[in-house]
Structure formats: structure tokens, C-alpha cells
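Report on one structure; see the data block that follows.
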Amino acid sequence: MSQGYAIELYFDPALENQVLKAWNVLARRQISTQLIEIESRPHITLFSTSSIEPTKLESVIKGFASKQDPLPLSFSSIGSLSNDNNVLFLGPTPSMSLLQFHSQLCELMKKEGVEIGEEYRPDSWIPYCAVAQEVPKARMAEAFCVLRELKLPVTGYAMDIGLVEFSPVREHFSFVLVDTTCQAIALVKIHNSEEPMSIRDYGIV
Numbered sequence: 001m002s003q004g005y006a007i008e009l010y011f012d013p014a015l016e017n018q019v020l021k022a023w024n025v026l027a028r029r030q031i032s033t034q035l036i037e038i039e040s041r042p043h044i045t046l047f048s049t050s051s052i053e054p055t056k057l058e059s060v061i062k063g064f065a066s067k068q069d070p071l072p073l074s075f076s077s078i079g080s081l082s083n084d085n086n087v088l089f090l091g092p093t094p095s096m097s098l099l100q101f102h103s104q105l106c107e108l109m110k111k112e113g114v115e116i117g118e119e120y121r122p123d124s125w126i127p128y129c130a131v132a133q134e135v136p137k138a139r140m141a142e143a144f145c146v147l148r149e150l151k152l153p154v155t156g157y158a159m160d161i162g163l164v165e166f167s168p169v170r171e172h173f174s175f176v177l178v179d180t181t182c183q184a185i186a187l188v189k190i191h192n193s194e195e196p197m198s199i200r201d202y203g204i205v
């Protein structure tokens, strides 16, 4: 039985592995295995709702992803959420590019008639990457000590955006963030240039 849907932001392999290391350490110490058990993937949740039509959003999210560049991320803090799930997380520095990305997505969702809950509205959204859920209260201090062993900041890029159903987690679709419009313009400039130039000059890589 589905509990809901979420649009999630995924990381480059190196950054994802850093988060998975934290998951695995907490699991080995039997502090929390919830994220592994529900077959989740390291991510930042951009939006979540109890009901949505995945097929309606697939082309919309694909078009959105095709106009975005990979987002630089820097996880610079450790925190917890004061709710019944006892979530521990890594907090990214709230860069302007990340906040704008989320705001643009919310505007797109509203145009599609999707209601944005208060938690995910741009003026109240808190970006985070969960590293543990349902941590026993008696072991919260120990879990924090484990996470402090990470050498922060942990940096990388957000590379994909996808829609999942939970729980357990089942991915409906995901798309790579790549601004195809800018790349096409750059390639035309390279083709028409009399001087040989590097693709890097046009911001493609």
C-alpha cells in the first residue's frame, strides 16, 4: 500500500557513496537500518504528497531537467528533525542555485495544478539528506557522535531528479540534469567558429 510520492534530487556517485558510508556505519552499530530496509537512495526531498498521478508528471519533470545544470552541493552540518520519526540528516549549505531550483520546481508543479504543502513551499522548505530514521531516543547521542566522524563539508553535485513512491521506495522515473538548450547553442558556436576552441570555453564541461 502506497503511503505517498516524492520528487527527489540525487547525487553524483562519489557524493552518494559518502552518504551510504554513514548509512552503513549506523546500520552496523544497529542504530538505524530503516533507510536501507525501505530501499531508499541518498537524496534531498524537493516535494512530497500523499496522492499524485506519476504519468502526468513524467514529461513535465523531463522537460524541467533538460533546462537545468547539475547543482553544486556542500553538506556542511548535521541535524535532527523534532518529529516522531527521529530523523538525523546532513544539511546542505542553502545556496542560491539550490533554492532557485526548488522554487522553479514548485512554480512548475502549481501550473500543473499540484498543491504544494506548507512543508515544501519555498519560504518554509528545509533541504536535507536523511542518514537515519527511527533512531531510538536512547541512542540519538551515539548516532550524532558517529556522524561527527564524517569530515565535513562533504561536497559534490546533484545530478538527477526523479519521482518515487513509498514505502518501500519504488522509482517511477528519473532524469539527468543537463541544460540541452545551452549545450546546443554552444555547439553551434563551436561549429561556426573559425578558430578551434575547447568545449570548456562554452561551459559544457
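The sequence shown begins at 1 in UniProt numbering and counts up by one. Ideal Cβ positions, reconstructed from N, Cα and C, are used throughout, including at glycine.
Original post:
Where do the N-terminal and C-terminal ends of the alpha helix (DSSP H) with G117 fall, by residue?
Top reply: Segment: none, G117 is in no alpha helix (DSSP H) and carries neither H nor E.
Original post:
Thinking C-alpha only, which one of N17, G117 and S66 is nearest L150?
Top reply: Nearest to L150 by alpha-carbon distance, out of N17, G117 and S66, is N17.
**OP:** Pick helix, strand or coil for S167, following the three-state DSSP scheme.
**Re:** coil
Original post:
To the nearest whole angstrom, what separates the beta carbons of T93 and S74, a pair I think is in contact under 8 Å?
Top reply: That pair is a contact at about 5 Å.
Original post:
Mapping DSSP to helix, strand and coil, what is T155?
Top reply: strand
Original post:
Since V178 contacts I38 with CB under 8 Å, what's their CB separation in whole angstroms?
Top reply: Not a contact, Cβ separation roughly 29 Å.
Subject >> Cutoff 7 Å; reference S40; Cβ partners in own chain excluding five residues on either side >> reply: Taking S40 as the centre and dropping the five residues before and after it, the same chain places the C-beta of V169 closer than 7 Å to its C-beta, in chain order.
Original post:
Relative to the C-alpha of H102, which residue among F89, P122 and P42 is closest?
Top reply: P122
Original post:
Is Q34 near the ligand SAM, in the sense that its beta carbon is under 7 Å from a heavy atom of that ligand?
Top reply: As far as ligands go, the structure on display features none, and thus does not contain the ligand SAM.
Original post:
When DSSP labels each residue in this structure, what does I78 get in the three-state scheme?
Top reply: Under the three-state reduction of DSSP, I78 is assigned to strand.
Original post:
Between which two residues does the alpha helix (DSSP H) carrying S103 extend?
Top reply: M96 to K111
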